[in-house]
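Counting in this note's numbering, the sequence shown runs from 2 upward without gaps.
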Amino acid sequence: MGMFLNSIVPAERYKDIARTRFFVDKSLMIADLISAVMVDGQKYICITRPRRFGKSVMANMVAAYFGNAAESMSVFSRQKILVLNRDKNKYMNQYPVIYFDFSEIPEACSSYKEYLARILNGLKEDLRSAYPETAVDTQKAVWDILTEIFQFTRQKFVFVIDEWDAVFHMPFISSKDQREFLLFLKALLKDKGYVEFVYMTGILPIAKYSSGSEMNMFVEYDMATAENYGEYFGFLESEVDQLFEIYLSTTKQPKISRDDLEFWYDGYHTVSGKRLYNPRSVVCALTNNQLKSYWTSSGPYDECYYYIRNNVEDIRDDLAFMVSGEGVAVRIQEYAATASELITKNQIYSAMVVYGLLTYEDETGKVSIPNKELMDRFNELLLSNDSLGYIHNLARESEKMLAATLAGDTKTMAEILEFAHDTEAPVLAYNHETELAALVNLVYLSARDQYRVEREDKAGKGYVDFIFYPERKGADALILELKVDSTPEEALRQIREKGYARRFQGKLGEKQKYTGRILAVGISYDKKTKEHSCEVESIQEM
2 MGMFLNSIVP
12 AERYKDIART
22 RFFVDKSLMI
32 ADLISAVMVD
42 GQKYICITRP
52 RRFGKSVMAN
62 MVAAYFGNAA
72 ESMSVFSRQK
82 ILVLNRDKNK
92 YMNQYPVIYF
102 DFSEIPEACS
112 SYKEYLARIL
122 NGLKEDLRSA
132 YPETAVDTQK
142 AVWDILTEIF
152 QFTRQKFVFV
162 IDEWDAVFHM
172 PFISSKDQRE
182 FLLFLKALLK
192 DKGYVEFVYM
202 TGILPIAKYS
212 SGSEMNMFVE
222 YDMATAENYG
232 EYFGFLESEV
242 DQLFEIYLST
252 TKQPKISRDD
262 LEFWYDGYHT
272 VSGKRLYNPR
282 SVVCALTNNQ
292 LKSYWTSSGP
302 YDECYYYIRN
312 NVEDIRDDLA
322 FMVSGEGVAV
332 RIQEYAATAS
342 ELITKNQIYS
352 AMVVYGLLTY
362 EDETGKVSIP
372 NKELMDRFNE
382 LLLSNDSLGY
392 IHNLARESEK
402 MLAATLAGDT
412 KTMAEILEFA
422 HDTEAPVLAY
432 NHETELAALV
442 NLVYLSARDQ
452 YRVEREDKAG
462 KGYVDFIFYP
472 ERKGADALIL
482 ELKVDSTPEE
492 ALRQIREKGY
502 ARRFQGKLGE
512 KQKYTGRILA
522 VGISYDKKTK
532 EHSCEVESIQ
542 EM
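1. DSSP three-state label for residue 14, please.
2. Could you tell me which residues DSSP pairs with residue 47 in its beta bridges?
3. Have a look at the DSSP bridge pairing and note the partners of residue 356.
4. Could you tell me which uninterrupted alpha helix (DSSP H) segments, each at least 4 residues in length, are contained entirely in the segment 115–180, listed from first to last along the chain?
5. Does DSSP put residue 234 in a helix, in a strand, or in coil?
6. Applying the criterion that 16 or more other CB atoms from any shown protein chain within 10 Å of the CB defines a buried residue, is residue 248 buried or exposed?
7. I want to know whether the segment 275–289 touches the segment 49–61 - three or more CB-CB distances under 8 Å.
8. Can you say whether residue 336 is buried or exposed, counting buried as having 16 or more other CB atoms within 10 angstroms of its CB?
9. Need the endpoints of the beta strand (DSSP E) that residue 522 sits in, please.
10. Check residue 535 in the structure and name its three-state DSSP category.
11. Taking 7 Å as the threshold (C-beta atoms), are residue 305 and residue 382 in contact?
12. Quick check on residue 153: buried or exposed, where buried means 16 or more other Cβ atoms within 10 Å of its Cβ?
13. What separation, rounded to the nearest whole angstrom, lies between the Cα atoms of residue 374 and residue 438?
14. Hey, how far is the Cα of residue 478 from the Cα of residue 260?
15. Across which residues does DSSP place residue 479 in a beta bridge pair?
16. Find the nearest neighbour of residue 266 within the set 376, 451, 415, 422, judged by alpha-carbon distance.
17. Distance, Cα to Cα, residue 127 vs residue 185?
18. Expressed to the nearest angstrom, what Euclidean distance is found between the alpha-carbon atoms of residue 524 and residue 274?
19. Along the chain, where does the alpha helix (DSSP H) that runs through residue 373 open and close?
20. Is residue 269 helix, strand or coil when you go by DSSP?
21. If you follow the alpha helix (DSSP H) that residue 1 is part of, which residue opens it and which one closes it?
22. May I ask you to report which of helix, strand or coil DSSP gives residue 98?
23. Give the DSSP-derived three-state secondary structure of residue 438 in the structure shown.
24. Distance cutoff 7 Å, beta carbons only. Does residue 156 sit that close to anything in chain C?
25. Count the other C-beta atoms from every protein chain shown that fall within 10 angstroms of the C-beta of residue 74, then say buried if there are 16 or more, exposed otherwise.
26. Which residue marks the beginning of the beta strand (DSSP E) containing residue 401, and which one marks its end?
27. Hey, quick one: how far does the beta strand (DSSP E) through residue 367 stretch, first residue to last?
28. Between the segment 522–541 and the segment 470–484, do at least 3 Cβ pairs fall closer than 8 Å?
29. I think residue 448 touches residue 469, with their Cβ atoms under 8 Å apart; what is that distance to the nearest whole Å?
30. Does the segment 57–70 come close enough to the segment 86–97 to have 3 or more Cβ pairs within less than 8 Å?
31. Give the DSSP-derived three-state secondary structure of residue 361 in the structure shown.
32. Would you tell me roughly how many angstroms separate the C-alpha atoms of residue 531 and residue 418, rounded to the nearest one?
33. I need the boundaries of the alpha helix (DSSP H) containing residue 417, first residue and last residue.
34. I need the boundaries of the alpha helix (DSSP H) containing residue 288, first residue and last residue.
35. With respect to 6 Å, is the separation between the Cβ of residue 38 and the closest non-hydrogen atom of the ligand ZN below this value?
36. I need the straight-line Cα distance from residue 395 to residue 168, nearest angstrom please.
Put into structure tokens, the structure is as follows:
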């Protein structure tokens, strides 16, 4: 057992995860991997996903299953790979595994030479200890040593590589170092007889860094364009259902509803159309019995802004639609994210999908903000960054708009809407109600701190434009209906006749009895007079 060869660490990590309350069995991926490698001869597999989508867990699982450093029957015997695929167990614990986590660095490391020396020296020492009969010469290149071992023993190795692209984000790594790293991986892995297969994960695709033949032996699978392995990264709807039942039966005072999990953490998609939840966020929320953003970032909004900063003018109109819950049509190139400079909208949105900041639905060809966890990031971006121009200015008016609505001050409401319209932004052309909805969402943006805002929600006998569910018991709830070339009175009549207020019986009744007012808000725009009109009334009957 060594640090890189036959390490028991991956197996122990996976065993620890498998024992947890909210573990999800994704072991059927091993069956797909066996078919790809042993049947189809696909020896080099790279799977890229956003952070916190289970890449390391799956890498540990692969190492635990195939590696012979530790017995694995005890952990896999009740998992799907063996329960449903008994024929696959002939591969379990049959290989020496070389496991690299490239995000790990030596203590006080300040150079690529030190970084790589830890890997090379460590692996050479592992090989010398494991194969004393081959008289390993540690002065030779590690690939030469592996070749000699293979020729002497006919032993093949499984390579499991986690966070393969971590080296490209380290401050002490130069562009020359990056090139040398790619050549190191090529020399170690490409066309080597000692390689049984290589399973590699990371965030960004190989093409982001490799311009030619260094790494062209890999078949890459990403979340946006590749169907294979899609359901193994992220939680499926049925898997979240199972976790929620465990949560209800094991938590003393559950504070989270099933709808909450969907609203906060759902919204991603596999290429085949299955919905995916952010796995880390779901597990953290259920474990802590608390809904909040578990998405990690270097700052409150700078990560979102990083990708749009080179083309703010083209992006900001789309942001107005996306924060109102609409999708934006885009052509996801197979890693337009690989461009060194993100300039075009296709490049920018492709990169944001790669990093999990946006979701892409192949059926509609649109990108959108997946859930509340990410929506909060974009809201903060709009409120905090004045380079977004009119979008930022409108968002800043949102506190006044909410206060005026709660007070029934329809004059101020109309004035704020007039101010918004006077910006003469393209998004405010009002060709249909979607554009009016985008504007309304902006001028109520700050309400998201106090309300759960849902767009086109099923309510009563139809779908209401917006419902604002208060987070605080006793606060006023809002039902917004929008009209173009009509009247706010007509909007209020629709709210009453279609019984939209009944939605509160289910939504809030799940956790608490609703005690506040329900305010019906009608907003209209007349194309001829170019005027906005607003009406607010309290609904007593549900």
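Idealized CB from N, CA, C, for every residue including glycine.
To lay it out plainly:
1. Counting from 1 along the sequence shown, the entry for residue 14 is found at position 13. Three-state DSSP puts residue 14 in a helix.
2. As a working note, residue 47 is residue 46 in the sequence shown. Note: residue 47 sits in a beta bridge opposite 201, 221.
3. Here residue 356 is taken as the residue at index 355 of the sequence shown, counted from 1. Answer is none; residue 356 lacks a bridge partner.
4. Counting only runs of 4+ residues, the alpha helix (DSSP H) found wholly inside the segment 115–180 occupies 143–154, in chain order.
5. Sequence index remark: in the sequence shown, residue 234 carries index 233 (1-based). In this structure, residue 234 counts as coil in the three-state DSSP scheme.
6. Along the sequence shown, read from residue 1 onward, the residue named residue 248 stands at position 247. Taking a 10 Å sphere around the C-beta of residue 248, we find 16 or more other C-beta atoms and assign the residue as buried.
7. yes
8. Here residue 336 refers to the residue found at position 335 when the sequence shown is read from its first residue. Residue confidence for residue 336 is low, a pLDDT of 49 falling below 50, so the modelled location carries little weight; the figure read from the coordinates is stated next. It is buried - the Cβ of residue 336 has at least 16 other Cβ atoms within 10 Å.
9. Translated into the one-based positions of the sequence shown, residue 522 becomes position 521. Looking at the DSSP string, the run of the beta strand (DSSP E) that includes residue 522 is 519–527.
10. Numbered from 1 along the sequence shown, position 534 holds the residue referred to as residue 535. DSSP places residue 535 in strand when its eight states are reduced to three.
11. Within the sequence shown, numbered from 1, the residue matching residue 382 stands at position 381. Within the sequence shown, numbered from 1, the residue matching residue 305 stands at position 304. Yes, they are a contact pair.
12. One-based indexing of the sequence shown puts residue 153 at position 152. With fewer than 16 other Cβ atoms within 10 Å, it is exposed.
13. Numbered from its first residue, the sequence shown carries residue 374 at position 373. Numbered from its first residue, the sequence shown carries residue 438 at position 437. Distance between the alpha carbons of residue 374 and residue 438 is about 21 Å.
14. Start at 1 with the first residue of the sequence shown, and residue 478 comes out as number 477. Start at 1 with the first residue of the sequence shown, and residue 260 comes out as number 259. Computed Cα separation, rounded: 18 Å.
15. Numbered from 1 along the sequence shown, position 478 holds the residue referred to as residue 479. The partner list for residue 479 (beta bridge, DSSP) reads 469, 520.
16. Residue numbering aside, residue 266 sits at position 265 when the sequence shown is read from its first letter. The residue with the shortest Cα to Cα distance from residue 266 is 376.
17. Here residue 127 refers to the residue found at position 126 of the sequence shown. Here residue 185 refers to the residue found at position 184 of the sequence shown. Taking the straight line joining both Cα atoms gives about 18 Å.
18. By one-based count along the sequence shown, residue 524 stands at place 523. By one-based count along the sequence shown, residue 274 stands at place 273. Spanning the two alpha carbons is a distance of roughly 35 Å.
19. Working through the sequence shown from its first residue, we reach residue 373 at position 372. 373–385 is the extent of the alpha helix (DSSP H) around residue 373.
20. Position 268 of the sequence shown, counted from the start, is the residue given in the question as residue 269. Three-state DSSP puts residue 269 in a strand.
21. No answer is possible for residue 1: it lies beyond the span of the chain, which begins at 2 and ends at 543.
22. As a working note, residue 98 is residue 97 in the sequence shown. Strand.
23. Stepping through the sequence shown from its first residue, residue 438 is reached at position 437. If DSSP states are grouped into helix, strand and coil, residue 438 belongs with the helices.
24. No chain C is present in this structure, which holds just one protein chain.
25. Residue numbering aside, residue 74 sits at position 73 when the sequence shown is read from its first letter. Exposed, because fewer than 16 other Cβ atoms sit within 10 Å of the Cβ of residue 74.
26. Here the question's residue 401 lines up with position 400 in the sequence shown. Segment 399–407 is the alpha helix (DSSP H) holding residue 401; no beta strand (DSSP E) there.
27. Translated into the one-based positions of the sequence shown, residue 367 becomes position 366. 367–369 is the span of the beta strand (DSSP E), which, as asked, contains residue 367.
28. yes
29. Translated into the one-based positions of the sequence shown, residue 448 becomes position 447. Translated into the one-based positions of the sequence shown, residue 469 becomes position 468. About 6 Å separates the beta carbon of residue 448 from that of residue 469, a gap short enough to meet the 8 Å contact definition.
30. yes
31. Counting from one through the sequence shown, the residue named residue 361 turns up at place 360. In the structure shown, residue 361 sits in a strand (DSSP, three-state: E or B).
32. Within the sequence shown, residue 531 is the residue found at index 530, counting from 1. Within the sequence shown, residue 418 is the residue found at index 417, counting from 1. Going from the Cα of residue 531 to the Cα of residue 418 covers about 11 Å.
33. Residue numbering aside, residue 417 sits at position 416 when the sequence shown is read from its first letter. Unbroken alpha helix (DSSP H) run through residue 417: 411–422.
34. Reading the sequence shown from its first residue, position 287 is the one you call residue 288. Note, residue 288: alpha helix (DSSP H), 280–289.
35. This structure lacks the ligand ZN, and indeed carries no ligand of any kind.
36. Here residue 395 refers to the residue found at position 394 of the sequence shown. Here residue 168 refers to the residue found at position 167 of the sequence shown. Pairing residue 395 with residue 168, the inter-Cα distance amounts to about 41 Å.
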